[in-house]
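Residue numbers for the sequence shown, in this note's numbering: 59 to 138.
Just so it is clear, CB atoms sit at the ideal spot from N, CA and C, and this is done for glycine as well.
Have a look at the structure below before the remarks.
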Amino acid sequence: MARVWIGDAIVAACVGTAMYAAIVLSAALGALVPIFFDKLGIDPAVASGPLITTLNDGLSLLLYFSISILFLTLWRPGFL
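Encoded structure:
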């Protein structure tokens, strides 16, 4: 969709890769954080909801910008 909308394959690759990485990371956090809380003796249903949401948002943003910087420095060296 980014390729059609903006017309740039690099932007499309950045967005697609960042979305894939964010989905994989979110699934891993959603599975591992409740297990971690259960091991600590904390109710996973109560404690993990806000934490997982906050971690997913922050890490997804960090992933997107990191992947964008990486792709743009590799494929367009003078861009940044």
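For Ile-127, the enclosing alpha helix (DSSP H) stretches over residues 102-133.
With respect to the 7 angstroms criterion, Leu-109 and Leu-83 are not classified as neighbours on the basis of their beta carbons.
The DSSP-derived three-state label of Asp-66 is coil. Collapsing the DSSP output to three states places Gly-88 in a helix. For a cut-off of 8 angstroms, the C-beta gap from Ile-68 to Leu-130 is around 7 angstroms, short enough to register as a contact.
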